[in-house]
Each structure stands twice: as C-alpha cells, then as structure tokens.
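A.B. asks: Quick note on the numbering used here: the sequence shown kicks off at 120 and runs consecutively.
Below: one structure in structure tokens.
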Amino acid sequence: MRSETVTDKPAYRDAFMRHRCLIPADGFFEWRRDSKEKQPFHFGMHDDSLFAFAALWDRWTDERDLSGVRNPLFGSS
Numbered sequence: 120m121r122s123e124t125v126t127d128k129p130a131y132r133d134a135f136m137r138h139r140c141l142i143p144a145d146g147f148f149e150w151r152r153d154s155k156e157k158q159p160f161h162f163g164m165h166d167d168s169l170f171a172f173a174a175l176w177d178r179w180t181d182e183r184d185l186s187g188v189r190n191p192l193f194g195s196s
C-alpha cells in the first residue's frame, strides 16, 4: 500500500479518514545485500531523539473468541 493511493482502496478509506495514529520510534533498520550477505543498517536521529511513523489502525472482531483487536494497518516514515 502506498500513501499516495490509500484513499483509492476501499479497505483503507475509512481508517484513513478516522483512524490515524503515530508510532513513536528511536530508529529503524533497512537491509542491504552485499553479494550473498545481508547487512542491517540502523537509521535514527543524530541526537537519538524520538520520531514518529504515520500509521492507520482498525478494529475488528476475532472470530475465535469475539474479542476486539486493534492493530496498525499501514505505516510509512
């Protein structure tokens, strides 16, 4: 899912309008492949401060126990 097309998808349209959130983080990893090995790279702020990822959340009922579950649906930096 791309942030540019989130309003075009019926599954995300309601969450985009009503269920936005921020996920705090102090960094994240991206993986780079050098020949046959993967190397993790950590990205964060120069002063180690927190930043936030934009996300959407939704609530649905778990059919096994009928409990409400809240989970992020989509995130981007």
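Note that the Cβ used here is the ideal one computed from N, Cα and C, for glycine as well.
For E149, name the three-state secondary structure that DSSP assigns.
C.D. replies: Three-state result, E149: strand.
A.B. asks: For G146 and A134, I'd like the C-alpha separation in whole angstroms.
C.D. replies: 25 angstroms
A.B. asks: Should R151 and F160 be called a contact, given that it needs their Cβ atoms to be closer than 9 angstroms?
C.D. replies: Cβ distance < 9 angstroms, so R151 and F160 count as in contact.
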